[in-house]
Amino acid sequence: MPSASAPAPARWRRALVPVLLGAALAACSARPTPPAPALAADGVPESRPGWAIGYLPDAAVPDSLALLPPPPSGEAAALDQARMQAALALHGTPRFAQAAVDAELQFPQAAPLFACALGVEIDLQHTPATWRLLRRSLADASRSTRKAKDHYKRPRPFLANHAPTCTPQDEARLAHSGSYPSGHTAIGTLWSLVLAQAAPGHSDALLARGRAFGESRVVCNVHWTSDVVEGRFMGMATFARLQAEPAFQADLAAARRELAAARAAGRVPQRDCAAEAAVLQVAANPG
93 MPSASAPAPA
103 RWRRALVPVL
113 LGAALAACSA
123 RPTPPAPALA
133 ADGVPESRPG
143 WAIGYLPDAA
153 VPDSLALLPP
163 PPSGEAAALD
173 QARMQAALAL
183 HGTPRFAQAA
193 VDAELQFPQA
203 APLFACALGV
213 EIDLQHTPAT
223 WRLLRRSLAD
233 ASRSTRKAKD
243 HYKRPRPFLA
253 NHAPTCTPQD
263 EARLAHSGSY
273 PSGHTAIGTL
283 WSLVLAQAAP
293 GHSDALLARG
303 RAFGESRVVC
313 NVHWTSDVVE
323 GRFMGMATFA
333 RLQAEPAFQA
343 DLAAARRELA
353 AARAAGRVPQ
363 RDCAAEAAVL
373 QVAANPG
């Protein structure tokens, strides 16, 4: 008499389901946790040596492709050309040399770029939170410009006018990097805003320094004026978004305290601030 029970293959399949499900769950639970970001010697998290990890998760980084118009054409592009011709006259002057100084974004060289405007020397030993703010926010501002850069691939000015730049060692790399918008300007604008937030008594000087930092890119012959203008916008957009990040706010609060302490201790900038101010009065008029 035939058995009323299910055929053997069906019974095996039913018996195997919980076994396989349990194995799958065990495999998931055993999956290793992604390693924490490596910390550099200065305590800043890095994705690889020399490349800091910003405060913003990928989804929170402002989208330059969505926020910015296309690069200018027609009369607006002609205005870029005219302004660049004016900037080329500064080659070989102290303002051109300052543009080369402003091009350096590696640390520790970049740490004191805003020291004169801030009135305090920035270094790892005495102002570690401020150092961390600058390094990590640099990564956020830089990422904010990448989508538009990669999409439009606007050629750099020196490729059009064949004049020297202030950083000839970078020209091979820059030739393959989109000019619009200016990443350096986004970074300098963001730094000026962050430092002004940490030291509001110096906000005018800091914001003026941020403006000059962007102008240096035109003087250097590596960005058009419109690149600088929209780079400022991306720096402001990144600054606005950073306000919602707890890690940023924690470093900002620590920076306020340490900058006040450094100012009280007389830790003044270790450079000729009067000479720097005189040089920065010469502008490329980027609008």
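Quick note, the sequence shown lines up with residues 93 to 379 if you use our numbering.
Note that CB positions come from ideal geometry on N, CA and C, so glycine has one too.
Under the three-state DSSP convention, the category residue i falls into
i, result
"residue 117", "In this predicted model, residue 117 has a pLDDT of only 48, less than 50, meaning its place in the structure is not dependable; the value taken from the coordinates is given anyway. Looking at residue 117 - three-state DSSP - the assignment turns out to be helix."
"residue 274", "coil"
"residue 213", "coil"
"residue 322", "helix"
"residue 251", "helix"
"residue 351", "helix"
"residue 140", "strand"
"residue 131", "strand"
"residue 365", "helix"
"residue 236", "helix"
"residue 372", "helix"
"residue 280", "helix"
"residue 382", "Within the shown structure, residues of the chain are numbered from 93 to 379, placing residue 382 beyond reach of any answer."
"residue 154", "coil"
"residue 170", "helix"
"residue 207", "helix"
"residue 246", "coil"
"residue 316", "coil"
"residue 225", "helix"
"residue 292", "helix"
"residue 185", "coil"
"residue 146", "coil"
"residue 308", "helix"
Cut-off 8 Å between Cβ atoms - residues of its own chain near residue i, not counting five sequence neighbours on either side
i, result
"residue 162", "244"
"residue 295", "288"
"residue 188", "182, 258, 311 and 312"
"residue 198", "142"
"residue 262", "195 and 314"
Whole-number beta carbon distance between residue j and residue i, since they are thought to touch under 8 Å
i, j, result
"residue 176", "residue 316", "7 Å"
"residue 273", "residue 160", "6 Å"
"residue 271", "residue 248", "5 Å"
Residue i versus residue j: straight-line alpha-carbon distance, rounded
i, j, result
"residue 136", "residue 144", "6 Å"
"residue 279", "residue 289", "15 Å"
"residue 207", "residue 216", "13 Å"
"residue 250", "residue 357", "45 Å"
"residue 222", "residue 285", "13 Å"
"residue 133", "residue 232", "20 Å"
"residue 129", "residue 141", "11 Å"
"residue 219", "residue 342", "14 Å"
"residue 366", "residue 281", "22 Å"
"residue 169", "residue 246", "12 Å"
"residue 164", "residue 171", "9 Å"
Any non-hydrogen atom of the ligand MG closer than 7 Å to residue i Cβ
i, result
"residue 167", "In the structure shown, the ligand MG is absent, as is every other ligand, since no ligand is present at all."
Nearest residue (CA-CA) to residue i, options the options
i, options, result
"residue 397", "165, 257, 132 and 287", "Past the edges of the chain, shown from 93 to 379, lies residue 397, and the structure says nothing about it."
"residue 225", "213, 203 and 262", "203"
"residue 214", "198, 373, 361 and 133", "361"
"residue 167", "229, 303, 318 and 263", "318"
"residue 158", "236, 196, 171 and 320", "236"
"residue 149", "181, 228 and 184", "228"
"residue 212", "371, 152, 342 and 348", "348"
"residue 183", "260, 242 and 281", "260"
"residue 331", "152, 354, 372 and 346", "152"
"residue 180", "340, 252 and 230", "252"
"residue 277", "322, 293 and 198", "322"
"residue 138", "230, 171, 186 and 178", "230"
"residue 275", "327, 246, 185 and 164", "327"
"residue 303", "267, 238 and 372", "372"
"residue 239", "155, 364, 374 and 334", "155"
Own chain residues within Cβ distance below 6 Å of residue i, not counting five before or after
i, result
"residue 337", "147"
"residue 209", "297, 298 and 301"
"residue 368", "208"
"residue 308", "191 and 194"
7 Å CB neighbourhood of residue i in its chain, flanking five on each side removed
i, result
"residue 186", "371"
"residue 339", "147"
Neighbour flag for residue i against chain C, beta carbons, 8 Å
i, result
"residue 278", "Going by chain labels, chain C is absent from the structure shown, which holds only one protein chain."
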